[in-house]
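For reference, the structure discussed in these notes is given below.
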Amino acid sequence: MPSNALLLLSRLLLAALFVPSGFHALSDIAGTTGYFAGLGLPLPTLAAWGTGLFELIAGLLILVGFQTRIAALLLAAFCIAAGFIGHYGQGGGDAMIALLHQQMLMKDIAISGGFLALAVAGAGAWSVDGRSAEPTRHIAPG
4 MPSNALLLLS
14 RLLLAALFVP
24 SGFHALSDIA
34 GTTGYFAGLG
44 LPLPTLAAWG
54 TGLFELIAGL
64 LILVGFQTRI
74 AALLLAAFCI
84 AAGFIGHYGQ
94 GGGDAMIALL
104 HQQMLMKDIA
114 ISGGFLALAV
124 AGAGAWSVDG
134 RSAEPTRHIA
144 PG
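So, in structure tokens, the structure goes:
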């Protein structure tokens, strides 16, 4: 499979996690705020709006491949931070819930690895970034 097709598939799969998540966070801002309040975050309403907007916008940037390297680096950092804030040490005395949170933390770390690889590789030719990188073709007069 050509590398541009794989980069497109990578962008689609990664965006498939963040675009719906951001949309859901924004469409249920009360629930998202409650979740962040339960984590003990300060200003949970602001965190809910900021997180929802970030996930939606950054996910869309990855989807279309615009400013991909920057968006991928930001999302990699976001995944690490979200994983540790939301999952590290969670579960209390319930071994099953603790295992679930440990797996979710590792999933977030793995997703950040995918974003780092995308930041290095770029979006590929089948993207807005790829289209802007194409040389302009001029027709010589004559």
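Each residue of the sequence shown is one higher than the one before, starting from 4 at the first, in the working numbering.
Quick reminder that beta carbons are idealized off the backbone N, C-alpha and C, glycines included.
Cβ-Cβ separation, residue j to residue i (assumed contact under 8 Å), whole Å
i, j, result
"L87", "L108", "Correcting the residue type first, residue 87 is Phe in the shown sequence and not Leu. With 8 Å as the limit, F87 and L108 qualify as a contact, their Cβ atoms being about 7 Å apart."
"A79", "S115", "4 Å"
"G96", "E58", "At roughly 31 Å, the Cβ-Cβ gap does not stay under 8 Å, so G96 and E58 are not in contact."
"L66", "V22", "6 Å"
Proximity to residue i [Cα-Cα], best of the options
i, options, result
"L64", "S30, S6 and L121", "L121"
"L12", "R134, G92, T48 and G125", "G125"
"L119", "P5, R14 and A8", "R14"
"G34", "L49, L10, L77 and L20", "L49"
"A51", "R72, H27, T71 and Q70", "H27"
"D132", "T71, L44, G53 and D31", "T71"
"L9", "G53, G117 and F21", "G117"
"L76", "S6, N7 and L17", "L17"
"S30", "T54, I73, N7 and Q106", "T54"
"S6", "G127, R134 and S135", "G127"
Cutoff 7 Å; reference residue i; Cβ partners in own chain excluding five residues on either side
i, result
"L42", "I88 and G89"
"L102", "none"
"A85", "D111"
"Y91", "L108"
Close-in-space but distant-in-sequence residues of the same chain around residue i (CB under 6 Å, 5 per side omitted)
i, result
"G94", "I100, A101 and H104"
"S130", "G68"
Same chain, Cβ closer than 8 Å to residue i, neighbours up to 5 away in sequence not counted
i, result
"I83", "D111, I112 and S115"
Any chain C beta carbon closer than 7 Å to residue i
i, result
"S24", "This model lacks chain C altogether; it includes just one protein chain."
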